[in-house]
Structure formats: structure tokens, C-alpha cells
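Residue numbers (the numbering used here), protein chains in the order written: chain A, 1 to 252; chain B, 1001 to 1637.
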């Protein structure tokens, strides 16, 4: 932990586009304030690169408050970096030490092809949701909100699963690039609510099948996903997904 | 063109129902013959796209993010209002309407706001049916909290992540329609122009942000659901990508801009820590339910907050506004924070902060209860500042958060360009000069789920059903203009980065058109923006090409638009010789320092018409008629 400004060495993955080969480039980040966020440090480095006539490092980012799930950096071998429970945009430089070398890579997974530098294509997640991540209700044709009571414990559990921000850290952290944590969180949210009950079997089968089609790996229960998830999504969701899937298949 | 708001006749509470009956309908079998373009996939865009697709229209959605789910609605924390009166505390549709009109300082349309309050109850039903996990009580029914500007508990919430859960609900509804083939979703695409054919919106020009390709998309109507333009101030609570390009380019194509100077400054944000700062983080206003705001009574008191005894603290909101206390509307809470800091009583290393203290709440409710309510916000604060708010008061300061202004729309949400609509924060319609907390989510979803599905058909019923071709001189011209604009930006090859221009513009806006404005400052600001704009077009340096993923090129286009929009905001602020809501003109205040409206001369919507490059914009006035409420000076004492 530093309180003074720091000088850091960055080893950053640079790749022109999806068709080209990438490689690591080394840059110096000078006089970095510990109060900067990791992405603000990257902003400063990029300004220097532009001023020096070089191409800045492309990286995904948007809300910069840890909720949109856009930022996606593999920092020193960990998804979103060394601090548990935060995204890269909320990681602050006070978590690093002066003189440190920081390695920055994109998410690595077959199902998340690199578009440029640190930016990957995560549209596979959208397609999994399209396969069944919804309750089939049209606008307007619904009962009064309080006509569907939900036990507080169930509602709270469903919320905990629904807190997933879809960043893909779970896939990046998994040695098999499995998307089980992401898919199970969505399946769980609906499985725990009465609104999701009607379509629960169909939903889990379709979402798992789309997940497999996208080229994500299988789950071998190493639980790296939970350890690296910035929102603390629990692997118990995966257990629930397995139960849901089994139940759906057995009663198909 | 004269402004026709198309407000229906009849008693306020019956206007919407009567209007819906009178609107023309498109027969179900004919709906599939219409193509609708929806730009932006936040709450307004996603809910509109899903609902229109459910009706049978063919919808194309566009977002610059990598997924519709990432739109900045996702970051809304506190909650969503609805006049359900589940608390039995005297709430009603009329009270929500009244609070919103009053909170907006009487600069919104009565009819629109009443409709908003009416459909608010349907929104909650819809979201619950989708599986949005709202907070619940032990009996299994929905929980509520109270929010600034209201004395009833009508806010529904999902911890501090209400926007996220509502957006994921709307996104799930969109996904269902994508699977059905009724929506085609274009991600990492940015709209760069609206195409008009015979004066009607018939499509857009968009850039594929990955390949750089310029694309044409044609349709029978275009909906802009692209959010607010607050990033003109640079340091804001908006996402870094939020921008005003879609609305500004539509404005240049003929859509009037309504009340551009009405900006909301949110009182509870984490203060600036240094020059590197790229954004300000909001702490939900719901914190004001239990946190107490104070500063030291003495100027320059640099003691730690714990060392300042109770009788040397000034809980200034509770002192000045005993009945609303810490729950006064946002504009008032922000301005008072600025005032105490200007007096030299601000806290923290910069002196630009006030305390938000939870010590009493922790004593009263226990740490666990406070954690259950606000845990994620406390964690976020700790992560950003390195301080623990369970132990020491939070430091907060106001930051730009929302723009009440936006494209002028009529009661049907159509802009002054036929076939071009604006929904959610992108329009000006419902919040007047100040938006109440938990009302942005309500308006975005009201527009998307319930208003536009009803009103769009009325326009389409009079439009020929044959497909619109993008192979036309109008599309040729629009595409060429977009390509020329990009080429011009890249050809300058100057010395300053986009980031530098954006920061300078933000400083000018904040200093001259921020929480308090005055004539001299605005005039000076306008000159400064003009200079900066000239410099931009001579000295911008954009690395890379247009044939690749180029984030600096994207930003440069947005900053170029902000450099024009910022000037219009100042022109609007300068012309409005009164103070109302978020627009505080120092020349117009009461002896107690409160905003002083001028209802005789300014009870209107200022709708600005673009007249060409370098030409002054023309002001059109839509007079606001109040039939149900009496205009009074807002009092929260």
C-alpha cells in the first residue's frame, strides 16, 4: 500500500484486431497517484502514448462505478486485479507498490475473441440470455405487483443471483473457460421466484445448450469463478443449475 | 412552425384515457409491415423496443456498448416511484403528480406529468411479473422507502441496484423478442445522423465501432432513447460513454431542443480527489433517509469530524428546513452544500465537501440494520476513498447527474420532426426544472412500456406501409456528410488530445453554467466555448484511422457535438431571467437566498430551433397552462 506517487512498469497485451497476432509491449507509468483508479492510470498512460505519436491502448470501460460490467482486464494474472469484490474500474492504485511491474491482458477464452488490445467480444453472453433468460410476459398483461407474494428469503436469494453484472470475469478466471457461474446465476434468479417457475425446465435446457454451442468449457468445480467474481456470486448457483438441469432432463 | 403540444382536452385525470381512445390504431396484421429504429437500449429504449416488438412491429435496436444491458440506466441506485399507496400513508396518483410538478418548480406540463403518475402503478406490476427481485417484507409483499421531495413512502427498490435490476428486466424482455426474430440488436454501433425523407424521419446513419464501416438503416419511425447530455460537464456521474451526439445531430436536422439549461446537480456524490479524476461516483440519495448532513459552525475548522462536539456542528438542512430536513429536493440540497462551502465551512482536504453522518442511525438502528440497507454503498465509498463510513462520516459534494432538458416532444413523444420520437432522459418532458429522486427510472419505463406503444401507431397509421429503401438521394447525402465529418476530424492532425478538449469544455461549463449562474459569467462562458470550438477544429489530434476500432475518434465526434450543445445551454440559461429548480440565476433570488421564479414571464418551455452553422438559434415558446395546481413558491420549511 502506497501513499506517495508511484512509478510503475506495465506489460500490456497489444493486438491490432481479431485477425492479427498480438504481443506484449512495455510502457512506463510515471508519478501515479494512489488515489487514481486503475482505469484512470490507463487514461494517463494513453495520453502519453497519443502525445508520443503512438496508438493508445484500447480497453472497454463505461460506468466506472462497478455496475455496468464493461471493463474487463486481466491484471497480474487475476480477473479485475488483486482486490477481491471489485471491478477494474474500482480498483485503486493504492493497491499496488512503487516500482511494481503490472501485467495487463484481455479476458482469455475461445468464446470471447479479442477485438482489439484488451477488448473482447462477449456477445456469447447475450445469446445465452436470448435462449431463455426471461419470463414470457408481454407488456400490460400482468397482475397487480402484490398479487405475487414472494417469501423474503427467496426474494433476497434471487436478488443475490441477479446481482451478476455479466462482465465475464468468471470465464476469464476459469482454467476451462466455463460460463457456468454466469449461466447458473441467471437460471437461479428465475428458479427461486414464482414468476420463473412456469418455464423453468425449458429455460435451463435452452440456456445450457446455447452455452455449450458458444464454446465455453465445462465446470470442474475449482471455484475460481466465485473467488474472482466482483459481485461475489456464489458457486451454490452452479449446484442449483445442476439440480435444475437434471430435474428438467429427467422429467422431459 | 408553431409548437403544438397536442395536449388532449378534458379533465386532467381523463386526458390520457380519452387520448388513447382517439388515437388511430394499426391493425395487428399490418404492424409487421412497419420497421422501427430504436437508438439506445437503456430503460426507455429497451422497454420501448420490447413492447413494440411484442405488438408485432419489426424493431432494430442500436447501442454503442457491447451489450444492451450496459446502458447507463444500470447505474441508477435508489429506486423507482409508483403511486401504489401500499403503505396506506395517503399517497395517490394525484399526489405523485403534484409532488412531481412542484418538485419540478412548475416548469413541466401538467398533462404529461399526470400521465406519468398514472402509469407508474403499471410499471411496478410489469417489472415484478418479469422477475425483477424488488426488496420485500417478511409477509412476502413489496417494501418501500421514502425519497427526497416527498413525504410518503412510494419508492420501490432492489437494494442500491434498482436501475440494474429494472434494466436487466427490460433487457430480458428484449432478449425474448430477439429470440423471436422481432428485434435485431446492433451492438457497438453509434448513430451519427438521422435521415429525413420528405421532412419525415426515415432512418439513421450508424458507424460499426469495430470495423469502422458506415451503415444505412431505414425505417418508418426513429426513436431516440439515448439518455442525457450531462457529460458536457466532463466530471459527472454519467458513464464515460454517455453522450449527446444522437440528440444533437437530430437537433441539427430540425428537432427543437427543450430547456437545454435545465441540469440536475446531485447532492450526494463522492468529492473530487485530484486532476486525474475521470468521473464522480454517486451515492444514492436514499442515504439522506438516515444520514445527517452537517458542517462545522466555524470557518476553517480542520479538526477531525469525531473531535467536533455536537454543539459546534451545523446540521444546516435540518436547521433551515425543519419539515423536510435532510430530504429536501436535490436542487436545494446541492445549492446549500455549495453555499456552506463557499462560506469556508467545507470539509476535507479541498474544502469542497460536507459530512453525511450515520453515527445517529447506527446508534438508533444498529450497525446490522444500516448495513442491510446501505451496505453496498458503504463498501463502494470505502473502496474509492479508503475511509470507513461506519467509523467516520462520509464526505459528499454535488455533481452533475441528470439533464431535465432534452429534445422537445409533444404529448405523443414526437419531436418537431415527424416520425422522430424521443423517450426517457433524451426528451425534456416530465421533470420541469428539477427531477425528484426515483423518477428517472419511472419516466424511462413509462415512456417505453406504456406511452410510445400507444402513441406510435397513431403516426404510423398515416404512413404508407411499403418498406422504406435506404437507396435514395437523402441517404446518399446523409452518409456523405457523416463520412466527410469523420474525414475532417482525422485530417486536422493537431497537437491536443480529445481528452484535453473535453476537460477544458467541462471546466468552462461548470464554472459558467453550473450550480449558480449569472449574466456576466454566462456571456463570458459563451465566448470561451466559441474560442475552444475554433481551437478544436484547428488543433485536435486523433490517432489511428476510421477503418478500425478507434475510441479517440468516437470521443472526438461526441466532444465536437458537446462544444455546440454547451453553447446552446448557456444561451438558454442567459435568456431565462429567473431562477427555477436546477437553474439558479444569482440575480434572481429571495432575500433568504431561495430561487425566485418569474411566473409572469417565464412559465413556458424554451424550444430552440437550429438555424444553421454560426447562426443564432431561434427561440419558440410553449406556454405552460396550469389548470389543476396553483403556482406557489416552493417551500420545504
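Every residue gets a Cβ at the ideal spot worked out from N, C-alpha and C, and that includes glycine.
Classify residue 1213 of chain B: buried if its beta carbon has 16 or more other beta carbons within 10 angstroms, exposed otherwise.
Flag for residue 1213 of chain B reads exposed.
Using 8 Å as the cut-off, can you tell me whether the segment 1248-1265 of chain B makes contact with the segment 1558-1574 of chain B, which would need three or more C-beta pairs spanning the two stretches below that distance?
Yes, since at least three Cβ pairs between the segment 1248-1265 of chain B and the segment 1558-1574 of chain B fall closer than 8 Å, the two stretches touch.
Partners in chain A for residue 1453 of chain B, counting only beta-carbon separations shorter than 9 Å:
What residue 1453 of chain B touches in chain A: 139 and 140.
Taking residue 33 of chain A as the query, report the chain B residues whose CB atoms sit under 7 Å from its CB, ordered along the chain.
Chain order gives the chain B residues near residue 33 of chain A as 1274 and 1276, where near means a beta carbon separation below 7 Å.
Chain B contacts made by the segment 45-67 of chain A, where a contact means CB separation under 9 Å
So the list reads 46, 47, 49, 50, 51, 53, 54, 55, 56, 58, 59, 60, 61, 62, 63, 64, 65, 66 and 67, given in the order they occur along the chain.
Tell me which residues share the same chain as residue 31 of chain A and place their Cβ nearer than 6 Å to its Cβ, disregarding the 5 neighbours each side in the sequence.
Contacts found: 5.
Does the structure place the segment 135-155 of chain A close enough to the segment 49-64 of chain A that three or more beta carbon pairs sit under 8 Å?
With a cut-off of 8 Å, the segment 135-155 of chain A and the segment 49-64 of chain A do not count as touching, because too few Cβ pairs lie within range.
Whose Cβ in chain E lies nearer than 8 Å to the Cβ of residue 102 of chain A?
The structure shown contains no chain E; its protein chains are A and B.
Alpha carbon to alpha carbon, how far is residue 42 of chain A from residue 253 of chain A? Give it in angstroms, no decimals.
With chain A running from 1 to 252 in the structure shown, residue 253 of chain A is simply not present.
For residue 1433 of chain B and residue 1057 of chain B, I'd like the C-alpha separation in whole angstroms.
When rounded, the distance between both Cα atoms is 35 Å.
So does the segment 1250-1258 of chain B actually touch the segment 1325-1342 of chain B, counting three or more Cβ pairs closer than 8 Å?
Two segments are said to touch when three or more pairs of C-beta atoms, one from each, lie closer than 8 Å; by this definition the segment 1250-1258 of chain B does not touch the segment 1325-1342 of chain B.
Contact set for residue 1528 of chain B: own chain, Cβ-Cβ below 6 Å, skip 5 residues either direction:
The residues are 1508.
Apart from the five residues just before and just after residue 173 of chain A, which ones in its own chain have a Cβ nearer than 6 Å to its Cβ?
The answer, listed in chain order, is 79, 224, 225 and 228.
Starting from the N-terminal side, write out each stretch of the alpha helix (DSSP H) that is 4 residues or longer and does not extend beyond the segment 58-140 of chain A.
Counting only runs of 4 or more, we get 123-132.
Endpoints, alpha helix (DSSP H) assigned at residue 1340 of chain B
Per DSSP, residue 1340 of chain B is one residue of the alpha helix (DSSP H) stretching across 1330-1342.
Strictly below 8 Å CB to CB, what residues from chain A border residue 1172 of chain B?
By Cβ distance, chain A contributes 129, 133, 134 and 135.
Whole beta strand (DSSP E) elements within the segment 1488-1575 of chain B, 3-residue minimum
Complete beta strand (DSSP E) runs here, min 3: none at all.
Below 8 Å on the Cβ atoms is my contact criterion, and I expect residue 1409 of chain B with residue 1498 of chain B to pass it. Report the Cβ-Cβ distance as a whole number of Å.
Between residue 1409 of chain B and residue 1498 of chain B a beta carbon distance of about 31 Å is seen, past the 8 Å cut, so the two are scored as non-contacting.
Put residue 1610 of chain B into one of helix, strand or coil per three-state DSSP.
Note: residue 1610 of chain B maps to coil in three-state DSSP.
Okay, do the segment 1067-1081 of chain B and the segment 1101-1110 of chain B touch, 3+ Cβ pairs below 8 Å being the bar?
The segment 1067-1081 of chain B vs the segment 1101-1110 of chain B: no contact.
Cβ neighbour criterion (16 or more within 10 Å) applied to residue 1364 of chain B
The residue in question, residue 1364 of chain B, is exposed, as its Cβ has fewer than 16 Cβ neighbours within 10 Å.
Which first and last residues belong to the alpha helix (DSSP H) in which residue 1162 of chain B is found?
Following the DSSP letters along the chain, one finds residue 1162 of chain B inside the alpha helix (DSSP H) bounded by residues 1162-1180.
Rounded straight-line distance, which links the Cα of residue 111 of chain A to that of residue 182 of chain A:
If you take the alpha carbons of residue 182 of chain A and residue 111 of chain A, they lie about 13 Å apart.
If you draw a straight line from the alpha carbon of residue 176 of chain A to that of residue 106 of chain A, how long is it in whole angstroms?
If you take the alpha carbons of residue 176 of chain A and residue 106 of chain A, they lie about 16 Å apart.
What did DSSP end up calling residue 1380 of chain B once you bin it into helix, strand or coil?
Annotated three-state conformation of residue 1380 of chain B is helix, per DSSP.
Selection from A:13, A:8 and A:66 that minimises the alpha carbon distance to residue 1377 of chain B:
The residue with the shortest Cα to Cα distance from residue 1377 of chain B is A:66.
Under the three-state DSSP convention, the category residue 1220 of chain B falls into
Three-state result, residue 1220 of chain B: coil.
Where do the ends of the alpha helix (DSSP H) carrying residue 1124 of chain B lie?
Start and end: 1110-1130.
Name the chain B residues that come within less than 9 Å of residue 43 of chain A, Cβ to Cβ?
Those within 9 Å of residue 43 of chain A in chain B are 1276, 1278 and 1499.
List the DSSP bridge partners of residue 178 of chain A.
Paired residue(s): A:217.
Compute the distance between the beta-carbons of residue 161 of chain A and residue 185 of chain A, then report whether it is under 9 Å.
Residue 185 of chain A is positioned such that its CB atom lies closer than 9 Å to that of residue 161 of chain A.
Residues near residue 1169 of chain B by beta carbon distance below 6 Å, same chain, minus five either side:
Excluding positions up to five away in sequence, the list reads 1127, 1130 and 1132.
Verify the CB distance criterion: does residue 70 of chain A have a CB-CB separation below 9 Å to chain B?
Interface residue, yes.
Members of the segment 1369-1396 of chain B near chain A, C-beta cut-off 8 Å
Within the segment 1369-1396 of chain B, the residues whose Cβ lies closer than 8 Å to some Cβ of chain A are 1379, 1380, 1383, 1384 and 1386, listed in chain order.
Same chain, Cβ closer than 7 Å to residue 1297 of chain B, five either side skipped, listed in chain order:
So the list reads 1312, 1313 and 1314, once near-sequence residues are dropped.
Nearest chain B C-beta to residue 2 of chain A closer than 9 Å, yes or no?
Unreliable placement is indicated for residue 2 of chain A, whose pLDDT of 46 sits below 50; the coordinate value is still reported in the next sentence. With its beta carbon at least 9 Å from every one in chain B, residue 2 of chain A lies outside the interface.
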